[in-house]
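Remarks on the structure that follows.
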Amino acid sequence: MKNYLLPYTVVSITQQDCKLLTTISCNTLDKPRNALLDRFGKIVLIFWQKQISKDEMLLVFPEVLYPRFLEHCEKYLKLSRAQWKRIDYFTYLVFHTENSFDKLGKEEIEIREEHFSIFLTKQKKEEIRDEKIFAYLRLHYNLPLQTIDYEKEMILNVFPQIASLTKGCYPGQEIVSRTMNYAKPPKKLTVLFEDELQEKERKNMTSVLEENGRKKGFCFVKNI
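At position 125 of the sequence shown the residue is numbered 870 (this note's numbering), and the sequence of numbers has no breaks.
Encoded structure:
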């Protein structure tokens, strides 16, 4: 089994019925991933989420983005009187092709997606440090990561499936709805070979690997 340790932090938010997160995030709480957006529909933070009780949610995101999380959320947290704290978990990404954990141990949490799972555990596991294999699997399963492959892009350019069109109002919802209903996102983040791109696009490729003599990676291209 190959466990990829992520430099992520885990934040617990506790409030009655998780009302705050329902209000300020762009996806429903039953989904594995969610996001905080600014009023222009641009990404502040993408995070994995797990509701562990009626009133408590766990958010999992890059450690380096914790100050951004506080800057964006602190006023909402204080006004809503929600309680939040960081919890010491090791965060692992495990692809399902590599025989993920059969059983969860004590104090272990799984956030499951189609091709991979996020595992939170109190005990450090054996890990893989091969960045090439990690990048290959992320490219193969189309898993770009914030701080590596994108930053403050419009959510629809990166993960249109994360922005719900049916839940109630949230910051950026008007822009998201207008774009989806009357137009389309101007760009999209996709995986392409270098020789399929224009010169300007090639310079912005991320997670680049060579495969059969051709380089490929994530890249933003015009959404035709």
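Every residue, glycine too, gets a C-beta built ideally from N, C-alpha and C.
Model, not experiment: these values are computed from the prediction.
Just to confirm the assignment, what range does the alpha helix (DSSP H) spanning Ile-900 have?
Position 155 of the sequence shown, counted from the start, is the residue given in the question as residue 900. Unbroken alpha helix (DSSP H) run through Ile-900: 900-903.
When DSSP labels each residue in this structure, what does Glu-919 get in the three-state scheme?
Stepping through the sequence shown from its first residue, residue 919 is reached at position 174. Reduced to three states, the DSSP call for Glu-919 is helix.
According to DSSP, is Lys-795 helix, strand or coil?
Residue numbering aside, residue 795 sits at position 50 when the sequence shown is read from its first letter. Looking at Lys-795 - three-state DSSP - the assignment turns out to be strand.
Beta-carbon proximity list for Pro-807, same chain, < 7 Å, skipping 5 on both sides
Translated into positions along the sequence shown, residue 807 becomes position 62. Taken in chain order, the residues that qualify are Pro-752, Tyr-753, Gln-891, Thr-892.
Whole angstroms is fine: what's the gap from Asp-875's alpha carbon to Arg-923's?
For the purposes of this step, residue 875 is taken as the residue at position 130 of the sequence shown. For the purposes of this step, residue 923 is taken as the residue at position 178 of the sequence shown. Going from the Cα of Asp-875 to the Cα of Arg-923 covers about 42 Å.
Do Tyr-886 and His-860 have their C-beta atoms within less than 8 Å of each other?
Within the sequence shown, numbered from 1, the residue matching residue 886 stands at position 141. Within the sequence shown, numbered from 1, the residue matching residue 860 stands at position 115. Result yes, Cβ atoms of Tyr-886 and His-860 sit closer than 8 Å.
Neighbour-count burial assignment, Ala-928, 16 or more Cβ in a 10 Å radius
In the sequence shown, counting from the first residue as 1, residue 928 sits at position 183. Exposed is the call here.
Could you tell me if Leu-810 is buried or exposed, where buried requires 16 or more neighbouring beta carbons within 10 angstroms of its beta carbon?
The residue given as residue 810 occupies position 65 in the sequence shown. Leu-810 is buried by the Cβ-count criterion.
Beta-carbon proximity of Val-805 to Thr-836, cut-off 8 Å
Translated into positions along the sequence shown, residue 805 becomes position 60. Translated into positions along the sequence shown, residue 836 becomes position 91. In contact: Val-805 and Thr-836 (Cβ atoms closer than 8 Å).
Just to confirm before moving on: does the CB-CB distance between Glu-898 and Ile-969 stay below 8 Å?
Within the sequence shown, the letter at position 153 stands for residue 898. Within the sequence shown, the letter at position 224 stands for residue 969. No; because the gap between Cβ atoms is not below 8 Å, this pair is not in contact.
Taking C-alpha atoms, which residue in Gln-943, Lys-877, Glu-955, Lys-747 lies nearest to Val-839?
Numbered from 1 along the sequence shown, position 94 holds the residue referred to as residue 839. That would be Lys-747, whose Cα lies nearest to the Cα of Val-839.
Considering only residues of the same chain and omitting the five flanking positions on each side of Asn-949, which have a CB-CB separation below 7 Å?
Within the sequence shown, residue 949 is the residue found at index 204, counting from 1. Same-chain partners within the cutoff: Cys-964, Phe-965.
How many Å lie between Arg-784 and His-817 at the Cα?
The residue labelled residue 784 in the question sits at position 39 within the sequence shown. The residue labelled residue 817 in the question sits at position 72 within the sequence shown. Straight-line Cα distance between these residues: approximately 12 Å.
CB Leu-910 to CB Met-925, shorter than 8 Å?
Taking the sequence shown and counting its residues from 1, one reaches residue 910 at position 165. Taking the sequence shown and counting its residues from 1, one reaches residue 925 at position 180. Taking 8 Å as the Cβ cut-off, Leu-910 and Met-925 qualify as a contacting pair.
Compare the beta carbon distance of Glu-939 and Lys-967 with 8 Å and say whether it is the shorter of the two.
As a working note, residue 939 is residue 194 in the sequence shown. As a working note, residue 967 is residue 222 in the sequence shown. No, the pair does not count as a contact, with Cβ atoms beyond the cut-off.
Identify which residue in Ile-769, Ile-878, Asp-894 has its Cα closest to the Cα of Glu-956.
Taking the sequence shown and counting its residues from 1, the one referred to as residue 956 is at position 211. If we check each option's Cα against that of Glu-956, Ile-878 comes out closest.
If we require 3 or more residues per run, which beta strand (DSSP E) segments fall completely within the stretch 753-822?
Taking only runs of at least 3 residues, the beta strand (DSSP E) segments lying wholly in the stretch 753-822 are 753-759, 778-782, 788-798, 801-807.
Could you please give me the residues that DSSP links to Val-953 through a beta bridge?
Here residue 953 refers to the residue found at position 208 when the sequence shown is read from its first residue. In DSSP, Val-953 forms no bridge with anything.
Which residue wins for smallest C-alpha separation from His-973, given the options Gln-828, Glu-853, Tyr-821, Ser-862?
The first residue shown for the chain is 746 and the last is 969, placing residue 973 beyond what the model contains.
Measuring alpha carbon to alpha carbon, tell me which of Pro-812, Ser-757, Thr-935, Met-802 ends up nearest Asn-902.
Here residue 902 refers to the residue found at position 157 of the sequence shown. That would be Thr-935, whose Cα lies nearest to the Cα of Asn-902.
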